[in-house]
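Sequence order for the protein chains is Y and D. Position 181, counted from 1, in the first sequence is what my numbering calls 181; the numbers after and before it change by one each time, with no gaps. Count along the second sequence from 1, then add 447; that gives the number in my numbering. We treat Cβ as the ideally placed atom computed from N, Cα and C, and that holds for glycine. Model, not experiment: these values are computed from the prediction. First the structure, in the form of structure tokens, and then the observations on it.
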Amino acid sequence: MKKATMLMLGSLLAMTTLAGCGSGGGQSASQSSSADSAQGSSNQTIKLTMEDRLLETSTDGSVIAHRKMIDEFKKEHPNVEISEESLQDATYKTKIKTLAAGNDLPDVFELLGSDAQMFAENKLIMPLDDILNQDPDWKKGFIPSTLNDFTVNGQLTGAPMQMLSTSLIFYNKAIFDKVGITKFPSTWNEFIAAINTLKEKGYIPIALGNKDKWVAESCILSELGDRFTGTDWFNSIKNHQGAKFTDKPFVDALAALQQLSKIGAFNTDVNSIDNNQQRTLYYNGKAAMFFEGDWAISSLNSEAPQEIKDNTHLAILPTVEGGAGKANVVSGGAAWAFAINANLKGDKLKAAIDLVKKLTGVEEANVAAENNAVAATVPTNYDKSKVAPLFNEYLEMFQKLQLSPIYDAQLSPAVIETMNNGLQDLLIQGKTPEQLAKEIQDTYEGA
Amino acid sequence: MGKKLSTPRLTTIYSFLLPGILVYAFIVFIPLLLSIYFSFYKWNGGLSKDFIGFHNYSQLIRDAKFWFSFRNNMIITVLSIVGQLGIAFVLAVILQAKWVRLREFHRTVLFLPVVLPAVVVGFIWNLIYSQNYGILNGVLKGLHLQSWIHPWLDDPKIVIYSVTIPIIWQWIGLYLIIFMASLQSIPSEVYESAEMDGATGVKKVWFITLPMMRDTLGVAVMLCISGNMKIFDNIFVMTGGGPGISSTVMAQYAYNTSFGQFKLGYGSAISIGMIIISLGLILLSRRLMGGRSVEP
Numbered sequence: 001m002k003k004a005t006m007l008m009l010g011s012l013l014a015m016t017t018l019a020g021c022g023s024g025g026g027q028s029a030s031q032s033s034s035a036d037s038a039q040g041s042s043n044q045t046i047k048l049t050m051e052d053r054l055l056e057t058s059t060d061g062s063v064i065a066h067r068k069m070i071d072e073f074k075k076e077h078p079n080v081e082i083s084e085e086s087l088q089d090a091t092y093k094t095k096i097k098t099l100a101a102g103n104d105l106p107d108v109f110e111l112l113g114s115d116a117q118m119f120a121e122n123k124l125i126m127p128l129d130d131i132l133n134q135d136p137d138w139k140k141g142f143i144p145s146t147l148n149d150f151t152v153n154g155q156l157t158g159a160p161m162q163m164l165s166t167s168l169i170f171y172n173k174a175i176f177d178k179v180g181i182t183k184f185p186s187t188w189n190e191f192i193a194a195i196n197t198l199k200e201k202g203y204i205p206i207a208l209g210n211k212d213k214w215v216a217e218s219c220i221l222s223e224l225g226d227r228f229t230g231t232d233w234f235n236s237i238k239n240h241q242g243a244k245f246t247d248k249p250f251v252d253a254l255a256a257l258q259q260l261s262k263i264g265a266f267n268t269d270v271n272s273i274d275n276n277q278q279r280t281l282y283y284n285g286k287a288a289m290f291f292e293g294d295w296a297i298s299s300l301n302s303e304a305p306q307e308i309k310d311n312t313h314l315a316i317l318p319t320v321e322g323g324a325g326k327a328n329v330v331s332g333g334a335a336w337a338f339a340i341n342a343n344l345k346g347d348k349l350k351a352a353i354d355l356v357k358k359l360t361g362v363e364e365a366n367v368a369a370e371n372n373a374v375a376a377t378v379p380t381n382y383d384k385s386k387v388a389p390l391f392n393e394y395l396e397m398f399q400k401l402q403l404s405p406i407y408d409a410q411l412s413p414a415v416i417e418t419m420n421n422g423l424q425d426l427l428i429q430g431k432t433p434e435q436l437a438k439e440i441q442d443t444y445e446g447a
Numbered sequence: 448m449g450k451k452l453s454t455p456r457l458t459t460i461y462s463f464l465l466p467g468i469l470v471y472a473f474i475v476f477i478p479l480l481l482s483i484y485f486s487f488y489k490w491n492g493g494l495s496k497d498f499i500g501f502h503n504y505s506q507l508i509r510d511a512k513f514w515f516s517f518r519n520n521m522i523i524t525v526l527s528i529v530g531q532l533g534i535a536f537v538l539a540v541i542l543q544a545k546w547v548r549l550r551e552f553h554r555t556v557l558f559l560p561v562v563l564p565a566v567v568v569g570f571i572w573n574l575i576y577s578q579n580y581g582i583l584n585g586v587l588k589g590l591h592l593q594s595w596i597h598p599w600l601d602d603p604k605i606v607i608y609s610v611t612i613p614i615i616w617q618w619i620g621l622y623l624i625i626f627m628a629s630l631q632s633i634p635s636e637v638y639e640s641a642e643m644d645g646a647t648g649v650k651k652v653w654f655i656t657l658p659m660m661r662d663t664l665g666v667a668v669m670l671c672i673s674g675n676m677k678i679f680d681n682i683f684v685m686t687g688g689g690p691g692i693s694s695t696v697m698a699q700y701a702y703n704t705s706f707g708q709f710k711l712g713y714g715s716a717i718s719i720g721m722i723i724i725s726l727g728l729i730l731l732s733r734r735l736m737g738g739r740s741v742e743p
């Protein structure tokens with residue numbers, strides 16, 4: 001007994017001392033391994049580290065497609081060993097920035113558009129322009145606007161992994177019919193009237209789960225804001241050319257969002273449930289609508305009861321009177337891309353490029369399409385019968401739409417943080433639109 | 448080989464201490480020094496930093512959000528001292544009584560929440576507070592107290608109290624164990640002679656138990672303050688500091704600033720501010736508790 005305890009203690013001590021030295025030893029180890037791979041033959045195992053949001057349990061079609069590509073890549077490249085860590089969205093966003101701060105990024109990782117500038121300025125990312133130019137077929141495949149999203153100071157920072165629209169309205173037509181709304185509202189006033197009707201009949205007009213703070217901003221305000229301000233205003237904000245968050249159109253957009261909460265358009269626990277739970281309210285038939293991006297199509301397809309699935313249709317926000325934005329616009333873009341660590345060299349770099357190519361090539365686009373997701377590359381050949389009806393509806397709608405910027409994919413993290421926190425207050429009347437606009441503007445000027 | 452039971456050499460002593468010191472230095476001391484270093488810089492991650500002297504600190508002193516989150520910490524701390532220590536003390540005294548059966552069982556059950564990870568506690572209470580499916584609102588409905596039903600975690604006026612209750616609930620057990628141990632060390636002769644003088648229940652607690660436990664209480668208050676000044680995980684899981692910033696505590700604010708807005712320099716300054724404030728409060732509590740020891 002006593003001997004065993006001593007043994008345990010001893011090994012514990014040994015472990016902790018080793019851990020203590022780990023940080024010192026790590027660097028030399030990684031140096032030697034990269035040297036090995038540079039001079040070694042191609043038979044040698046190449047180790048790649050990878051950090052992503054591709055959870056095996058996800059029902060998102062884009063994730064399913066990327067997972068499949070990783071599996072295939074492993075089969076095709078037996079000499080490449082990928083040590084991968086997949087995290088949940090919110091956790092991932094934090095972790096990757098923490099790794100960046102420590103200059104300790106993995107070899108291949110997912111890059112959020114709004115982080116691209118900071119990462120690029122700190123020279124953490126391998127510019128992909130030359131690499132892409134060497135493979136014209138790969139480059140041609142991308143939808144051009146997705147590449148623009150990741151071009152920072154004239155350099156391409158990542159290979160876009162998807163094509164998103166973030167603010168679709170999913171609505172239950174059966175409920176709309178039941179309360180006597182025959183057509184999805186096409187003006188703001190009609191929209192408000194519809195919400196009031198739904199509310200009177202005992203439904204939650206819009207299910208909203210804003211606990212993680214990005215949903216109200218990314219899926220509602222990005223588009224609602226554009227309806228009021230127009231995209232020119234946003235570009236002026238992004239490039240610091242004089243537009244302000246305190247400009248009247250943006251304040252009006254905030255006011256419109258608050259108006260929705262004032263008339264009881266949302267469930268009362270908006271700030272304590274998340275976007276998965278907002279869908280649950282919708283699946284239960286308690287809620288008539290919810291706002292989310294196209295990723296929710298595949299989730300809805302695999303999670304919702306058949307009856308709800310059959311009655312679900314898609315719409316975009318109606319136009320607002322006097323707004324500067326165009327009507328046929330949905331907030332969208334690539335939002336995420338695969339990026340390569342700037343420190344990679346030799347065989348390791350080659351393997352990383354192959355992996356990213358596999359993950360963003362046309363093959364991935366086809367698999368994604370069959371799983372109801374849109375890749376950043378145009379799909380060429382996929383089985384249309386495998387696709388959910390709602391996805392076809394989406395593709396049809398999407399072709400007629402133009403894209404406006406997604407706020408959290410383009411604005412700086414500090415501005416987004418202030419905006420997201422403030423929106424939680426705004427939605428429970430804890431702040432006026434003017435106050436919030438001023439706060440965002442202050443952060444914007446300070447950043 | 449031949450030597451036995453002699454005083455170990457100094458090198459032996461230090462080599463046994465070394466692992467512990469190394470670990471401590473690695474996870475506490477070095478990060479602390481680094482934080483102090485970073486707090487003098489404007490740094491948003493990566494390789495480039497700008498030295499800005501005490502600018503972060505002068506900004507911190509004028510930062511209304513920081514003081515708001517400090518206020519939240521204070522609310523939690525005061526409620527915890529009253530709630531955790533108060534309830535634990537009452538329970539400890541009751542469990543000490545002769546007529547209590549199944550003493551070990553009660554003690555174990557009350558201690559159980561302490562060993563639960565904060566994340567689990569957060570999730571459990573999230574479910575309890577849930578607007579539509581939560582047991583709390585369910586019970587209130589069952590009792591026909593509809594007017595009491597609240598969105599517990601969504602109302603900025605009450606959210607700070609809603610998140611405090613799980614914290615109090617979780618840590619009662621810890622103080623209960625500390626208090627029970629201390630109660631057992633009070634010699635029974637004191638009680639017996641008091642009983643002969645005619646002291647009963649409450650009087651015994653007030654005139655014997657409390658004064659005899661003053662040192663323990665002092666330590667408990669200190670633990671309570673330091674624990675609640677750095678509280679983070681429960682609240683992070685339950686509300687993420689929301690709605691808005693209404694349940695944001697200092698640690699959460701430092702976290703948001705560092706890893707949400709990526710102002711790592713300012714985030715470090717907030718952490719250092721937290722340490723200074725916590726130390727100040729603990730010294731103050733020592734002072735107050737110490738002052739009473741003059742009494743008979």
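Cβ neighbour criterion (16 or more within 10 Å) applied to residue i
i: D/Asp-644; result: exposed
i: D/Trp-546; result: exposed
i: D/Gly-500; result: exposed
i: Y/Ala-38; result: Below a pLDDT of 50, predicted positions are generally treated as unreliable, and Y/Ala-38, at 41, falls in that range; no measurement from the model is reported.
i: Y/Gly-26; result: Legend: pLDDT at Y/Gly-26 = 35, less than 50; position of this residue unreliable, value from coordinates given subsequently. Y/Gly-26 comes out exposed.
i: D/Ile-508; result: exposed
i: Y/Gln-44; result: exposed
i: D/Phe-463; result: exposed
i: D/Val-562; result: exposed
i: Y/Lys-140; result: exposed
Option nearest residue i by Cα separation, candidates the options
i: D/Lys-710; options: Y/Glu-396, Y/Ser-412, Y/Ile-175; result: Y/Ser-412
i: D/Ser-505; options: D/Leu-600, D/Tyr-713, D/Ser-462, D/Leu-592; result: D/Tyr-713
i: Y/Phe-482; options: Y/Met-126, Y/Ala-100, Y/Thr-166; result: Nothing can be reported for residue 482 of chain Y, as the shown portion of chain Y is limited to 1 through 447.
i: Y/Lys-238; options: Y/Lys-431, Y/Glu-76, Y/Ala-65, Y/Ile-406; result: Y/Ile-406
i: Y/Met-69; options: Y/Gly-361, Y/Leu-390, Y/Gln-410, Y/Ile-416; result: Y/Gly-361
i: D/Leu-721; options: D/Ile-607, D/Phe-513, D/Ile-615; result: The question names Leu, yet the displayed sequence has Met at residue 721 of chain D. Answer by Cα proximity: D/Phe-513.
i: Y/Ala-90; options: Y/Leu-260, Y/Leu-105, Y/Glu-110; result: Y/Glu-110
i: Y/Ala-388; options: Y/Ala-327, Y/Met-419, Y/Asn-301; result: Y/Asn-301
i: Y/Phe-290; options: Y/Ala-243, Y/Pro-78, Y/Leu-314; result: Y/Leu-314
Residues that residue i contacts on chain Y, provided the C-beta gap is smaller than 8 Å
i: D/Leu-600; result: Asp-269, Asn-271, Ser-272
i: D/Phe-709; result: Lys-97, Ala-101, Met-118, Pro-413, Ala-414
i: D/Gly-687; result: Lys-211, Asp-212, Lys-213
DSSP state of residue i mapped onto helix, strand, coil
i: Y/Gly-325; result: coil
i: Y/Ile-143; result: coil
i: Y/Lys-309; result: helix
i: Y/Glu-56; result: coil
i: D/Tyr-686; result: It is worth fixing the name first, because residue 686 of chain D is Thr in this sequence and not Tyr. Correct three-state label for D/Thr-686: coil.
i: Y/Gly-25; result: At Y/Gly-25 the pLDDT is 35, less than 50, meaning the model places this residue with poor confidence; the figure from the coordinates comes in the next sentence. Helix.
i: D/Ser-732; result: helix
i: D/Ile-633; result: coil
Cross-chain neighbours of residue i in chain Y, by beta carbon under 9 Å
i: D/Ser-632; result: Correct list: empty, because the minimum Cβ distance to chain Y is about 28 Å.
i: D/Gln-578; result: Asn-267, Thr-268, Asp-269, Ser-272, Ile-273
Listed by chain order, chain Y residues near residue i by CB distance under 7 Å
i: D/Ser-495; result: Asn-122
i: D/Asn-491; result: Met-118
Residue i: contacting residues in chain D (beta-carbon distance under 7 Å)
i: Y/Glu-417; result: Asn-703, Gly-707, Gln-708
i: Y/Thr-94; result: Phe-706
i: Y/Ile-406; result: Those do not exist, as Y/Ile-406 stays about 18 Å from chain D at its closest Cβ, beyond 7 Å.
i: Y/Ile-449; result: Nothing can be reported for residue 449 of chain Y, as the shown portion of chain Y is limited to 1 through 447.
Residues that residue i contacts on chain D, provided the C-beta gap is smaller than 9 Å
i: Y/Thr-91; result: Neighbours of Y/Thr-91 on chain D: none; closest Cβ ~11 Å, over 9 Å.
i: Y/Asp-448; result: A question about residue 448 of chain Y goes unanswered here, because the residues of chain Y that appear run from 1 up to 447.
Within chain D, the residues that residue i reaches when beta carbons sit closer than 8 Å
i: Y/Gly-422; result: Gly-691
**Request:** Tell me, please, whether the region 417-428 of chain Y touches the region 180-195 of chain Y by the rule of three or more beta-carbon pairs shorter than 8 Å.
**Result:** No, the region 417-428 of chain Y does not touch the region 180-195 of chain Y.
**Prompt:** Looking at C-beta atoms only, is the number of pairs between the region 270-282 of chain Y and the region 44-58 of chain Y that lie closer than 8 Å three or more?
**Reply:** The count of Cβ pairs closer than 8 Å, one atom from the region 270-282 of chain Y and one from the region 44-58 of chain Y, stays below three, leaving the stretches out of contact.
**Asked** Is there contact between the region 351-358 of chain Y and the region 227-234 of chain Y, where contact requires at least three CB pairs shorter than 8 Å?
**Response** Using a C-beta cut-off of 8 Å, the region 351-358 of chain Y makes no contact with the region 227-234 of chain Y, since fewer than three inter-stretch Cβ pairs fall below that distance.
**Request:** Evaluate contact between the region 152-164 of chain Y and the region 328-340 of chain Y, counting only Cβ atoms and requiring at least three cross-stretch pairs below 8 Å.
**Result:** A contact exists between the region 152-164 of chain Y and the region 328-340 of chain Y.
**Prompt:** Would you say the region 267-278 of chain Y touches the region 237-253 of chain Y, given that touching needs at least three Cβ pairs under 8 Å?
**Reply:** Cβ pair count under 8 Å is below three, so no.
**Message:** Closer than 8 Å is the cut-off here; do at least three beta carbon pairs connect the region 199-208 of chain Y with the region 324-336 of chain Y?
**Reply:** The region 199-208 of chain Y and the region 324-336 of chain Y do not touch, with fewer than 3 CB-CB distances between them shorter than 8 Å.
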